[in-house]
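Quick notes on the structure that follows.
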Amino acid sequence: MLNWKDIISFSVNGNPEPDKRVEKTEADWKSQLTPEQYRITRQKGTERPHSGALCSVYDEGKYNCICCGTPLFDSRIKFSSGTGWPSFTQPIKPNAIKYERDDSHGMVRVEVMCNTCDAHLGHVFPDGPEPSGLRYCINSESMTLDKEATNDN
1 MLNWKDIISF
11 SVNGNPEPDK
21 RVEKTEADWK
31 SQLTPEQYRI
41 TRQKGTERPH
51 SGALCSVYDE
61 GKYNCICCGT
71 PLFDSRIKFS
81 SGTGWPSFTQ
91 PIKPNAIKYE
101 RDDSHGMVRV
111 EVMCNTCDAH
121 LGHVFPDGPE
131 PSGLRYCINS
141 ESMTLDKEAT
151 NDN
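Number 69 in this note's numbering belongs to position 69 of the sequence shown; there are no gaps in the numbering.
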């Protein structure tokens, strides 16, 4: 189980190797994604709080990257953080997520991206529930919920 110390270590010392890499041109990403998905995932945007379609959905399944389809989070570790964005306590696998220091907006945060295609997902914070204490705050537009991929798959 990852903890805040692991996250800081990844953001400073380098991320785990992804299982695979997906790289496309900006034109390819623009043709594949909606304008809002492109703005968030490729240009590091953020959706307004409480506006995302997946914010209050708690159906069973896997949350996959909207850009490359990589599984990112399992529905069993989603929780209601009250922040207005889907929140998770752990990635589906330690190497599913890439971490980078983010100094934008006058604060220091840790940005989380898909480790397969570098899509911006959101940020991770050390104020989540135990046992990890992590809160992955993720944009709905950066994910799709695969209800067919149950917890047994």
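Ideal Cβ placement from N, Cα and C applies to all residues, glycine included.
C-beta contact flag for residue i and residue j at 7 angstroms
i           : j           : result
residue 145 : residue 61  : yes
residue 132 : residue 15  : no
residue 30  : residue 38  : yes
residue 49  : residue 84  : yes
residue 95  : residue 35  : no
residue 9   : residue 110 : no
residue 67  : residue 41  : yes
Span separating the alpha-carbon of residue i from that of residue j
i           : j           : result
residue 125 : residue 104 : 15 angstroms
residue 23  : residue 116 : 8 angstroms
residue 63  : residue 141 : 11 angstroms
residue 7   : residue 73  : 16 angstroms
residue 138 : residue 127 : 14 angstroms
residue 87  : residue 54  : 10 angstroms
residue 27  : residue 33  : 10 angstroms
residue 100 : residue 13  : 10 angstroms
residue 76  : residue 69  : 19 angstroms
residue 5   : residue 46  : 25 angstroms
residue 21  : residue 107 : 30 angstroms
residue 59  : residue 1   : 23 angstroms
residue 91  : residue 25  : 27 angstroms
residue 135 : residue 147 : 22 angstroms
Assumed close pair residue i, residue j - CB separation to whole angstroms, cut-off 8 angstroms
i           : j          : result
residue 113 : residue 93 : The Cβ separation is near 15 angstroms, so there is no contact.
residue 119 : residue 65 : 6 angstroms
Range of the contiguous beta strand (DSSP E) that encloses residue i
i           : result
residue 124 : 120–125
residue 111 : 109–114
residue 136 : 135–138
Extent of the continuous alpha helix (DSSP H) to which residue i belongs
i          : result
residue 6  : 4–13
residue 36 : 35–41
residue 28 : 26–32
7 angstroms Cβ cutoff, residue i in contact with chain B
i         : result
residue 3 : Included in the structure is just one protein chain, with no chain B present.
DSSP beta-bridge partners of residue i
i          : result
residue 21 : Answer by DSSP bridge pairing: none, since residue 21 is not bridged.
residue 65 : 143
residue 80 : The partner list for residue 80 (beta bridge, DSSP) is empty, contrary to what the question assumes.
residue 71 : 64
residue 98 : 113
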